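Chains as they are written, first to last, in the numbering used here: chain A, 63 to 356; chain B, 213 to 525.
Glycine is no exception: its CB is placed at the ideal position from the N, C-alpha and C atoms.
In this text, all values refer to a predicted model and were calculated from it rather than measured experimentally.
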């Protein structure tokens with residue numbers, strides 16, 4: 063079963079939860095960090111990266127002035143503003159290109175020189191306990207995130223049989239990166255920050271993910287936070303009203319916040335924490351198993 | 213550099229890592245800001261309205277790019293579009309071609325090259341943007357239809373509208389709440405910004421993502437200043453982080469402690485600086501540092517990150 067650990071709001075605790083669930087997960091599994099803009103899972107799990115692949119796209123990089131007839135077809139077909147005409151010269155903006163290949167298709171005189179733009183990398187490796195690990199990292203300044211993600215997900219298909227469990231640490235939000243991940247899993251576990259902001263983003267996430275027809279379930283992170291009166295109850299009420307299984311809650315703890323800030327796994331903080339996550343892992347598998355068969 | 217007479221000071225608050233407290237701080241700054249337009253650029257999951265409580269002046273639908281769609285009655289199933297699509301968006305099923313809108317990049321190549329002109333290219337309705345009034349000043353914000361794309365384009369629309377409003381009504385500053393990450397919406401947020409305020413936290417994730425998001429600011433030559441939120445959860449980490457910032461040439465605007473007063477204010481729908489919590493004084497000092505900050509001239513001369521293009525063999 064492939065489970066995306068997702069959230070509307072950033073910083074809800076996706077990575078913290080993924081790392082601790084890995085520690086207690088009762089079955090063999092693969093870990094994937096799909097937050098390619100800000101990947102952090104490696105900071106907690108220290109994978110040994112054995113292989114790095116560069117993800118790139120083919121873009122027009124230069125115009126052969128001698129061959130170019132200035133017909134302007136490449137400029138007309140480009141919807142991304144990557145080709146302009148200044149005087150007697152076509153000018154390229156390769157950073158704007160989405161690699162649709164339209165300009166190459168319409169250029170009758172082969173005047174466009176192909177080049178590669180690096181979008182990011184895919185890292186493949188293992189944790190010390192043998193768990194397979196894959197992550198993606200976008201290049202700084204790069205706008206095209208989805209191709210890195212799609213490559214990561216394709217890599218996952220070759221690494222893990224359909225029957226193998228995969229825990230995917232997802233990007234925040236509900237736009238293209240998060241939805242791309244959710245479309246490639248069997249179930250989505252929503253981590254909810256029970257603050258007014260977290261609650262608002264949870265509603266949006268529920269709206270977006272429920273259209274995918276996947277089993278959804280909820281975990282509250284930082285329950286019983288000082289000052290946040292009524293926050294947990296609001297999340298629980300929403301879950302009840304919308305028939306969303308509320309699997310459990312990780313209580314707020316200043317010690318846990320400190321521990322995580324320094325790279326620790328909450329499941330390692332003591333036996334009571336370990337038990338909390340072990341039960342949670344069991345309940346996640348049971349809940350999604352039941353929902354999948356329903 | 214920002215000059216009230218000639219240029220609008222455009223401050224964008226970002227973080228790399230999510231959940232570091234951008235929105236709570238922007239709301240707290242908003243209650244202190246003079247002559248400022250507020251802008252929520254986290255169009256994916258906007259939250260600033262929860263504290264600012266905007267009252268709508270004007271709402272406009274956002275048409276976000278085009279999606280190709282095959283008219284099956286005109287399609288002769290020649291398969292040319294299927295071959296030419298670089299995004300694997302054209303699928304073959306039960307004897308017809310159709311386009312998966314989730315994979316369509318909106319490049320229009322199939323539309324232009326279909327020999328039967330059988331592919332339509334309608335604009336998609338992706339959300340709504342608003343100009344509103346709040347108790348602190350005008351606000352420009354939006355809501356995407358959940359799961360919709362093109363957030364980068366919507367961010368550009370909001371920035372354009374915020375600038376137009378500021379010019380029209382004589383505001384000197386635009387304060388923007390940004391989104392997490394370092395991709396398309398964040399890069400759109402930084403276009404034309406005069407200052408990026410990175411709100412981070414003294415954790416290994418916070419530091420890692422601060423480096424990445426500050427790298428994006430450098431790439432686009434936007435000066436960077438840093439606020440360390442919840443600093444007392446990791447005092448040693450805070451010192452290390454400040455040293456790292458100093459070395460990199462990022463201004464340090466201040467430290468905000470972990471204080472239940474923040475959550476308490478938010479739960480009441482207030483900015484922390486509207487309550488009498490001592491935390492408000494700390495934030496006030498930070499805001500004064502931010503608005504009076506003028507980056508060194510050299511800061512705008514940082515080199516670009518080396519180009520990512522290489523020739524194809």
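- Within the segment 107–162 of chain A, the beta strand (DSSP E) runs of at least 3 residues that lie entirely inside it are, in chain order, 110–125, 145–148, 151–154.
- Beta-carbon to beta-carbon, residue 88/A and residue 343/A are separated by about 6 Å, close enough to satisfy the 8 Å threshold.
- Under the three-state reduction of DSSP, residue 388/B is assigned to strand.
- The segment 355–370 of chain B makes contact with the segment 240–258 of chain B, as at least three CB pairs between them are under 8 Å.
- The DSSP assignment places 416–431 as complete runs of the alpha helix (DSSP H) inside the segment 407–433 of chain B, in order along the chain (cut-off: 4 residues).
- The beta carbon of residue 259/B falls within 8 Å of a beta carbon belonging to chain A, placing the residue at that interface.
- Residues of chain B with a Cβ closer than 9 Å to the Cβ of residue 323/A are, in chain order, 413, 414, 415, 416, 417, 418, 442, 445, 446, 449.
- Contact between the segment 180–200 of chain A and the segment 148–158 of chain A is absent, with fewer than three C-beta pairs closer than 8 Å.
- Residue 455/B carries a helical assignment under DSSP once its states are collapsed to helix, strand and coil.
- Contact fails between the segment 464–476 of chain B and the segment 337–351 of chain A, because fewer than three Cβ pairs, one in each stretch, are under 8 Å apart.
- Around the beta-carbon of residue 287/A, 16 or more other beta-carbon atoms lie within 10 Å, marking it buried.
- Three or more Cβ pairs closer than 8 Å define a contact, and the segment 129–137 of chain A falls short of that threshold against the segment 205–214 of chain A.
- For residue 309/B and residue 236/A, the gap between their C-alpha atoms comes out near 28 Å.
- The beta carbon of residue 281/A sits no closer than 8 Å to any beta carbon of chain B.
- Those residues of the segment 277–311 of chain B placed with their C-beta closer than 9 Å to a C-beta in chain A are 277, 278, 296, 297, 298, 299, 300, ordered along the chain.
- Around residue 373/B, the same chain offers 341, 343, 352 as residues with beta carbons nearer than 8 Å, after the five sequence neighbours per side are excluded.
- Considering only 226/B, 507/B, 249/B, the residue with the shortest C-alpha distance to residue 237/B is 226/B.
- Under a 10 Å Cβ-count criterion, residue 288/B is classified as exposed, with fewer than 16 other Cβ atoms of the shown protein chains found around its own Cβ.
- Taking C-beta atoms under 8 Å as the contact rule, residue 230/B and residue 392/B qualify, at a distance of about 3 Å.
- Across the set 301/A, 86/A, 102/A, the C-alpha of 86/A shows the shortest separation from the C-alpha of residue 341/A.
- Of all residues in the segment 161–185 of chain A, those with a C-beta nearer than 7 Å to a C-beta of chain B are 161, 162, 163, 164, 167, 176, 177, 178, 179, 180, reading in chain order.
- For residue 347/B, the closest alpha carbon among the candidates 330/B, 505/B, 486/B is that of 486/B.
- Using a CB distance cut-off of 8 Å, residue 421/B counts as an interface residue toward chain A.
- Judged by beta-carbon spacing, residue 479/B lies beyond the 8 Å limit of residue 240/B, meaning their Cβ atoms are not closer than that value.
- For chain A, the residues of the segment 325–354 of chain B that bring a beta carbon within less than 9 Å of one of its beta carbons are 325, in chain order.
- For residue 255/A, the closest C-alpha among the options 240/A, 225/A, 234/A is that of 234/A.
- Residue 311/B carries a strand assignment under DSSP once its states are collapsed to helix, strand and coil.
- For the C-beta of residue 232/B, the chain A residues within less than 7 Å are, from N- to C-terminus, 73.
- Annotation for residue 238/A: the continuous alpha helix (DSSP H) segment containing it runs 238–244.
- Residue 249/B and residue 383/B do touch by the CB rule: their CB atoms are close to 5 Å apart, below 8 Å.
- With a cutoff of 8 Å on beta-carbon distance, residue 228/A and residue 92/A are scored as near each other.
- Where residue 343/B is concerned, the enclosing beta strand (DSSP E) starts and stops at 335–346.
- One Cα belongs to residue 297/A, the other to residue 230/A, and the distance between them is close to 23 Å.
- Within chain A, the residues placing a beta-carbon under 7 Å from that of residue 424/B are 100, 202, ordered along the chain.
- If you draw a straight line from the Cα of residue 188/A to the Cα of residue 216/A, it comes to about 18 Å.
- Residue environment: residue 322/B is assigned as buried (16 or more neighbouring CB atoms within 10 Å of its CB, all protein chains considered).
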